[in-house]
Amino acid sequence: MDNHLALFDLIGALARHRFQTAEREFAAIGLNHTEARLLSLLNEAGGESAQDTLSNQLFIDRSNAGRALKRLEQDGYIVREKDAADRRAFLVRMTGKGSEAVRDIGRVRAAIVAGFFGDLSAAEAGQAADLLRKALPDA
Numbered sequence: 011m012d013n014h015l016a017l018f019d020l021i022g023a024l025a026r027h028r029f030q031t032a033e034r035e036f037a038a039i040g041l042n043h044t045e046a047r048l049l050s051l052l053n054e055a056g057g058e059s060a061q062d063t064l065s066n067q068l069f070i071d072r073s074n075a076g077r078a079l080k081r082l083e084q085d086g087y088i089v090r091e092k093d094a095a096d097r098r099a100f101l102v103r104m105t106g107k108g109s110e111a112v113r114d115i116g117r118v119r120a121a122i123v124a125g126f127f128g129d130l131s132a133a134e135a136g137q138a139a140d141l142l143r144k145a146l147p148d149a
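In the numbering used here, the protein residues as written are 11 to 149.
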């Protein structure tokens, strides 16, 4: 089999495994993968961001992001309010509960990463990351 095709298939298998593992592990803290990613992105943005910006960073459509944000809002992790500058847009702000969840998310992510890549040395992980960045158009 062509090495490029093999790599393509391996990346797909790894992505599926990553998603399934993340869904299972984040469920233990009451979140799904998308919700955990949204809270992490919101935290990286300083606790506040435009809803469309978050959707774009996730590479998912706005309706999927909207559903995840609605659940996070209902569960008290975030608040959404109309953007004063653009009444059609929403601003998303993390609550104290959301900030607490980010710590749990970090712990869960660290465990997932250790399970995935624990057999790789730091140098090997760096080499793999460098090669994958080279394949990404905007990395």
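Beta carbons: idealized from backbone N, C-alpha and C, even for Gly.
query	result
Beta-ladder partner(s) of Glu58, from DSSP	Arg103
Terminal residues of the alpha helix (DSSP H) in which Arg77 lies	72-84
Length-filtered (4 minimum) alpha helix (DSSP H) runs lying within the region 13-54	13-37, 43-54
Residue span of the beta strand (DSSP E) that contains Arg90, given as start and end	88-92
Ala111 to Leu79 span [Cα, whole Å]	14 Å
C-alpha gap between Ala16 and Ala25, whole angstroms	14 Å
Unbroken alpha helix (DSSP H) run spanning Leu142, endpoints	132-145
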